[in-house]
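Notes for the one structure printed next.
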Amino acid sequence: MTVSELKKQFFDTLRNIYPKEEAGSFFTILAEEFLDMSRLEIALYPEKVLTPGQLQQFTDAQERLQQHEPVQYITGRTHFFGLEFGVNKNVLIPRPETEELVEWILNDLQEQKNKELEILDLGTGSGCIAISLAKNLPHTKVSAMDISSEALKVARENALKNEVQVDFLEQDILKTERLPKRYDVIVSNPPYVRELEKKEMQKNVLDFEPASALYVKDADPLLFYEKITALAAGALKPSGALYFEINQYLGKETEALLRKKDFLSSLKKDIFGVNRMLKGIKHEN
Ligand SMILES: C[S@@+](CC[C@H](N)C(=O)[O-])C[C@H]1O[C@@H](n2cnc3c(N)ncnc32)[C@H](O)[C@@H]1O
1 MTVSELKKQF FDTLRNIYPK EEAGSFFTIL AEEFLDMSRL EIALYPEKVL
51 TPGQLQQFTD AQERLQQHEP VQYITGRTHF FGLEFGVNKN VLIPRPETEE
101 LVEWILNDLQ EQKNKELEIL DLGTGSGCIA ISLAKNLPHT KVSAMDISSE
151 ALKVARENAL KNEVQVDFLE QDILKTERLP KRYDVIVSNP PYVRELEKKE
201 MQKNVLDFEP ASALYVKDAD PLLFYEKITA LAAGALKPSG ALYFEINQYL
251 GKETEALLRK KDFLSSLKKD IFGVNRMLKG IKHEN
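Residue 1 is where the sequence shown starts when you use UniProt numbering, and the numbers rise one by one after that.
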């Protein structure tokens with residue numbers, strides 16, 4: 001089979017599942033991954049004949065896309081904040097809105113970036129927040145916690161791949177009574193999607209991404225925020241800051257938790273114009 005025949009078959013198969021532009025971008029990603037051909041090479045060499053191995057790999061990937069599996073799990077990688085991260089079904093695929101959270105922190109730390117800061121990322125998943133911060137703040141000591149040993153395995157490999165040092169801790173946030181050090185910054189993107197919001201979600205998320213990374217009970221949707229705020233109140237250095245990614249529908253309620261613990265708080269909207277981030281500054285006493 002030639003590249004152009006493969007392309008035609010790919011678009012015919014996925015036509016009823018994905019919009020044309022999305023299918024086109026999947027084709028480019030899979031061609032780079034499994035045929036070792038760039039978008040330009042695809043255009044220049046449509047008559048190139050595929051090896052049986054290439055054809056098999058491509059067809060397997062196509063079948064996984066038909067089942068709505070995210071393309072990042074199929075290739076095993078994604079990009080976040082200009083870095084490459086390995087991902088698998090044990091970790092959430094890093095989201096663009098989380099890049100905005102990292103950007104906010106780095107902007108705030110601009111004037112302190114040559115200092116030896118201490119940062120902690122709670123619920124690190126693929127390690128995307130911790131590793132991006134470590135990469136951009138080379139003098140800073142970054143630690144990261146997750147309950148999942150499988151997620152931490154991925155995060156450790158990502159730290160190696162991106163040549164940064166992060167101290168990973170396997171621990172349940174909800175059962176933690178006290179944090180091990182004092183920090184300048186504590187950041188978290190904890191599970192925050194309520195069961196009732198599942199109906200807004202796409203099949204690729206519902207069927208493939210780890211439930212333990214995403215969902216909380218409708219009756220207690222802010223449990224992670226409450227616990228992390230209490231831990232941060234006891235572990236942030238004077239003027240230290242707590243940063244959260246938050247549920248867009250619960251901005252005011254989440255902010256109220258911070259205020260109750262005497263943090264000065266500010267909400268921030270993401271590029272879609274919804275409340276997506278929250279910062280709390282610890283009062284200096
Ligand atoms: C929304 S994901 C965020 C992952 C990553 N930080 C990101 O922004 O893409 C939440 C993470 O919290 C972890 N987690 C869930 N419950 C936890 C708990 N009780 N203690 C520690 N980590 C937990 C999950 O394993 C998951 O990796």
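Yeah, the Cβ is synthetic: ideal placement off N, Cα and C, and Gly gets one too.
Contact set for residue i: own chain, Cβ-Cβ below 7 Å, skip 5 residues either direction
{"i": "Lys-48", "result": "Thr-2 and Val-3"}
{"i": "Val-102", "result": "Phe-81, Ile-129, Ser-132 and Leu-133"}
{"i": "Tyr-183", "result": "Glu-118, Ile-119, Leu-120, Ala-235, Leu-236, Lys-237 and Gly-240"}
{"i": "Leu-250", "result": "Pro-221 and Leu-222"}
{"i": "Pro-70", "result": "Ile-93, Asn-204 and Phe-208"}
{"i": "His-139", "result": "Asn-114, Lys-115 and Glu-116"}
{"i": "Phe-34", "result": "Gln-54, Gln-57, Phe-58 and Ala-61"}
Nearest-angstrom Cβ-Cβ length linking residue i and residue j, presumed shorter than 8 Å
{"i": "Thr-59", "j": "Ile-29", "result": "At roughly 15 Å, the Cβ-Cβ gap does not stay under 8 Å, so Thr-59 and Ile-29 are not in contact."}
{"i": "Lys-89", "j": "Phe-263", "result": "Not really, about 35 Å apart at Cβ, beyond 8 Å."}
{"i": "Phe-85", "j": "Asn-16", "result": "Their Cβ separation, rounded to whole angstroms, is 31 Å, which puts Phe-85 and Asn-16 out of contact at 8 Å."}
{"i": "Leu-257", "j": "Tyr-225", "result": "5 Å"}
{"i": "Glu-5", "j": "Thr-98", "result": "39 Å between Cβ atoms; not a contact."}
{"i": "Lys-279", "j": "Leu-231", "result": "With 8 Å as the limit, Lys-279 and Leu-231 do not qualify as a contact, their Cβ atoms being about 16 Å apart."}
heavy atom of ligand 1 below 6 Å from residue i C-beta
{"i": "Asn-189", "result": "yes"}
{"i": "Pro-213", "result": "A small fix is needed here, since residue 213 is Ala in this sequence, not Pro. Indeed, a heavy atom of ligand 1 lies less than 6 Å from the Cβ."}
{"i": "Pro-221", "result": "no"}
{"i": "Ala-151", "result": "yes"}
{"i": "Ile-119", "result": "no"}
{"i": "Asp-184", "result": "no"}
{"i": "Gly-123", "result": "yes"}
{"i": "Asp-60", "result": "no"}
{"i": "Pro-94", "result": "yes"}
{"i": "Ile-173", "result": "yes"}
{"i": "Ile-147", "result": "yes"}
{"i": "Ile-129", "result": "yes"}
{"i": "Thr-98", "result": "yes"}
Beta-carbon proximity list for residue i, same chain, < 6 Å, skipping 5 on both sides
{"i": "Ile-147", "result": "Asp-172"}
{"i": "Leu-214", "result": "Pro-191 and Val-193"}
{"i": "Lys-268", "result": "Met-277"}
{"i": "Asn-136", "result": "Leu-106"}
8 Å CB neighbourhood of residue i in its chain, flanking five on each side removed
{"i": "Asp-167", "result": "Lys-141, Val-142, Ser-143 and Ala-144"}
{"i": "Met-37", "result": "Val-3, Ala-31, Tyr-45 and Lys-48"}
{"i": "Leu-14", "result": "Ala-23, Phe-26, Gln-62, Leu-65 and Gln-66"}
Residue i burial status per 10 Å Cβ neighbour count (16 or more: buried)
{"i": "Gly-123", "result": "buried"}
{"i": "Thr-254", "result": "buried"}
{"i": "Gln-54", "result": "buried"}
{"i": "Glu-170", "result": "exposed"}
{"i": "Lys-198", "result": "exposed"}
{"i": "Ala-151", "result": "buried"}
{"i": "Thr-51", "result": "exposed"}
{"i": "Ser-266", "result": "exposed"}
(message) Just to confirm the assignment: which complete alpha helix (DSSP H) runs, minimum length 4, are found wholly within the segment 77-118?
(response) Look at the segment 77-118 and you find these whole runs of alpha helix (DSSP H), each 4 residues long or longer: 96-108.
(request) Any chance you could list the alpha helix (DSSP H) runs of at least 4 consecutive residues sitting entirely within the segment 8-50, in chain order? (result) Complete alpha helix (DSSP H) runs here, min 4: 20-30 and 39-44.
(message) For a minimum of 3 consecutive residues, which ranges assigned as the beta strand (DSSP E) are wholly contained in the UniProt domain "Methyltransferase small" (106-199)?
(response) Taking only runs of at least 3 residues, the beta strand (DSSP E) segments lying wholly in the UniProt domain "Methyltransferase small" (106-199) are 118-122, 141-146, 166-170 and 183-188.
(request) Could you name each continuous beta strand (DSSP E) segment of 3 residues or more that falls completely within the segment 209-245, going from the start of the chain to the end? (result) Qualifying beta strand (DSSP E) stretches, in chain order: 236-245.
(request) At 3 residues or longer, and completely inside the segment 251-276: list those beta strand (DSSP E) runs for me, N to C. (result) Correct list: 263-269.
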